[in-house]
Amino acid sequence: MDFSSHSQELLFEFPPFLRQYKDGRVERLKGTDTVPPSTDPSTGVASKDPQTPLLVYYHGGGFVIESPFSPTYHAYLNSQVDQANVVAVSVDYRLAPEHPLPTAYEDSWAALQWVGSHSTRHGPEPWLNDHVDFNRVYLAGDSAGANIVHNMCMRAAKDGGVGGVKIAGSVMIHSFFWGSEPVGSEIKDQEGRAGIERAWKFVFPGSGGCNDPAINPAKDPNLSGLGCRRVLVCVAEKDVFRDRGRLYFEALGGCGWEGVVEFFESDDEGHVFHLFKPDCEKAKEFIKEVIMGNEAYAFAAGTSEEGDAFPSFNSAFKSNVPLNSREEALTWA
Numbered sequence: 001m002d003f004s005s006h007s008q009e010l011l012f013e014f015p016p017f018l019r020q021y022k023d024g025r026v027e028r029l030k031g032t033d034t035v036p037p038s039t040d041p042s043t044g045v046a047s048k049d050p051q052t053p054l055l056v057y058y059h060g061g062g063f064v065i066e067s068p069f070s071p072t073y074h075a076y077l078n079s080q081v082d083q084a085n086v087v088a089v090s091v092d093y094r095l096a097p098e099h100p101l102p103t104a105y106e107d108s109w110a111a112l113q114w115v116g117s118h119s120t121r122h123g124p125e126p127w128l129n130d131h132v133d134f135n136r137v138y139l140a141g142d143s144a145g146a147n148i149v150h151n152m153c154m155r156a157a158k159d160g161g162v163g164g165v166k167i168a169g170s171v172m173i174h175s176f177f178w179g180s181e182p183v184g185s186e187i188k189d190q191e192g193r194a195g196i197e198r199a200w201k202f203v204f205p206g207s208g209g210c211n212d213p214a215i216n217p218a219k220d221p222n223l224s225g226l227g228c229r230r231v232l233v234c235v236a237e238k239d240v241f242r243d244r245g246r247l248y249f250e251a252l253g254g255c256g257w258e259g260v261v262e263f264f265e266s267d268d269e270g271h272v273f274h275l276f277k278p279d280c281e282k283a284k285e286f287i288k289e290v291i292m293g294n295e296a297y298a299f300a301a302g303t304s305e306e307g308d309a310f311p312s313f314n315s316a317f318k319s320n321v322p323l324n325s326r327e328e329a330l331t332w333a
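Here it is, written out as structure tokens:
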């Protein structure tokens, strides 16, 4: 293709993720690699067991890059299902700027409704009909995906739930939260603050700004209605979003919400380090805390809410839901 006629004038730059040009072109600088649907020989993620917890995962990427099919998330979810003994659904939502927010929220909600359609055991995907305990559904995500998790839990409360699904808990990893008033270390980083505020306006031009409850839940007067029973908030010491994660933890614990909220901080690490350095000791410690060592999570502790052990499940099926067509496409994790 001849690009000589294309304008090279930048409309917006969102480093290190993408550039948007004045002629409408979007150049993504990372997060575009994909892997084909396949089984994982190292984890054996290819079989099924009865009545297993379900993990619904929302990937990160600033709302502008990545997908469930990226090598990073493909490997990460395989590791999660292998260690946590869960079935996983990894959600493919449309990206900004071609599809600005709230599109990703609408796609993510549609995916959750698709999951809920299986709670009667008559949904379109037999794996979910036959092998998921819909009283033990957990939402998790990192960065922008963690932001989505929060917004899905709020919508579940507002809309009276998701069919027969009970959102037992959520894991919010290095959440993309912000606000117009600086907190903690943000006070000393005016340039960084300005960049994040520009990025939010770029991905959600219709938003009311950085005090919109979608990105600043600590200021949401309806926070006490969060539609899940347990929350684990994860932050990293060197992450620009660290203080927002702590503020969310404190706000949730003090707003009258009747659930259980826990907090975990990874020392001396940056944003989503566990994805980029999965074999480092801090990443292993983090994964152990999220999956194996947190008593607040039934799927993490390996028991149901009543304390009964659930079946050993060293493999799982990941269903990627492309919401562009509102039809499910099933792929091996």
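Reading the sequence shown from the start, the letters are residues 1 to 333 in full-length UniProt numbering. C-beta atoms are modelled at their ideal positions from N, C-alpha and C, and glycine is treated no differently. Please read all numbers here as calculations on a predicted model, not as lab measurements.
Nearest-angstrom Cα separation, counted from residue j out to residue i
i: P100; j: S67; result: 16 Å
i: G24; j: G256; result: 46 Å
i: L128; j: H118; result: 6 Å
i: V35; j: N135; result: 32 Å
i: Q20; j: N151; result: 27 Å
i: Q83; j: I291; result: 7 Å
i: W200; j: E9; result: 21 Å
i: Y248; j: L232; result: 11 Å
i: W109; j: M154; result: 11 Å
i: G270; j: V240; result: 8 Å
i: L275; j: S170; result: 19 Å
i: F264; j: K22; result: 42 Å
i: K30; j: D159; result: 36 Å
i: R229; j: H74; result: 28 Å
i: D33; j: A157; result: 36 Å
i: residue 366; j: H122; result: Since the first and last residues shown for the chain are 1 and 333, residue 366 lies out of range.
i: N216; j: G245; result: 10 Å
i: G141; j: G253; result: 20 Å
i: F71; j: K284; result: Just to set this straight, residue 71 is Pro in the shown sequence, not Phe. Using only the alpha carbons, I get a separation of about 19 Å.
i: Q190; j: N222; result: 29 Å
i: S224; j: F273; result: 30 Å
i: P15; j: F202; result: 12 Å
7 Å CB neighbourhood of residue i in its chain, flanking five on each side removed
i: M193; result: Position check: residue 193 holds Arg in this sequence, whereas Met was assumed. The answer, listed in chain order, is P182 and E186.
i: E13; result: R19
i: A146; result: M172, I173, H174, S175 and F176
i: G307; result: Bear in mind that a pLDDT of 37 at G307, under 50, signals an unreliable position, so the number given afterwards is only what the model happens to contain. Result list for G307: empty, nothing under 7 Å.
i: Y105; result: I148 and N151
i: L11; result: Q20, Y21 and K22
i: K238; result: D268, E269 and G270
i: V165; result: V115, G116, S119, F134 and V137
i: V261; result: V231, V233, F249, L252 and G253
Endpoints, the alpha helix (DSSP H) within which residue i is located
i: I196; result: Q190 to V203
i: F286; result: E281 to I287
i: V115; result: T103 to G116
i: L128; result: P126 to H131
i: H174; result: Per DSSP, H174 belongs to no alpha helix (DSSP H) and is neither H nor E.
i: H274; result: F273 to F276
Host beta strand (DSSP E) of residue i (start-end)
i: P53; result: T52 to Y58
i: V149; result: Element bounds for V149: not the beta strand (DSSP E) but the alpha helix (DSSP H), A144 to K158.
i: G245; result: Taken as a continuous stretch (DSSP letters only), G245 belongs to no beta strand (DSSP E), being part of the alpha helix (DSSP H) at R242 to G254.
i: E27; result: V26 to R28
i: L10; result: L10 to F14
i: F264; result: V260 to S266
i: L232; result: R230 to A236
i: L18; result: L18 to Y21
i: L163; result: Here the sequence assigns Gly to residue 163, which means Leu is not the residue at that position. Note, G163: premise wrong, no beta strand (DSSP E); not H, not E.
Close-in-space but distant-in-sequence residues of the same chain around residue i (CB under 6 Å, 5 per side omitted)
i: residue 402; result: Nothing in the structure corresponds to residue 402, since the chain is present only between 1 and 333.
i: T213; result: The sequence as given places Pro at residue 213; Thr does not occur at that position. The answer, listed in chain order, is D220.
i: I196; result: W178
i: D130; result: none
i: L62; result: Residue 62 is actually Gly in this sequence, not Leu. Counting only Cβ-Cβ distances below 6 Å, and skipping sequence neighbours, we find F17 and A144.
i: G163; result: G116 and S119
i: G293; result: Its pLDDT being 48, under 50, G293 is placed unreliably in this model, and the value from its coordinates should be taken loosely. There are no such residues.
i: K277; result: A283
Residues near residue i in its chain [Cβ-Cβ closer than 8 Å; skip 5 each side]
i: V26; result: L18, R19, Q20, P97 and E98
i: R28; result: F17, L18, V64 and I65
When the Cβ atoms of the region 94 to 114 are set against those of the region 204 to 214, are three or more pairs found closer than 8 Å?
Between the region 94 to 114 and the region 204 to 214 there are three or more C-beta pairs closer than 8 Å, enough to call the two in contact.
Only counting runs of 3 or more residues, tell me where the beta strand (DSSP E) segments fall wholly within the region 53 to 100, in order along the chain.
With a minimum length of 3 residues, the continuous beta strand (DSSP E) runs that stay inside the region 53 to 100 are 87 to 92.
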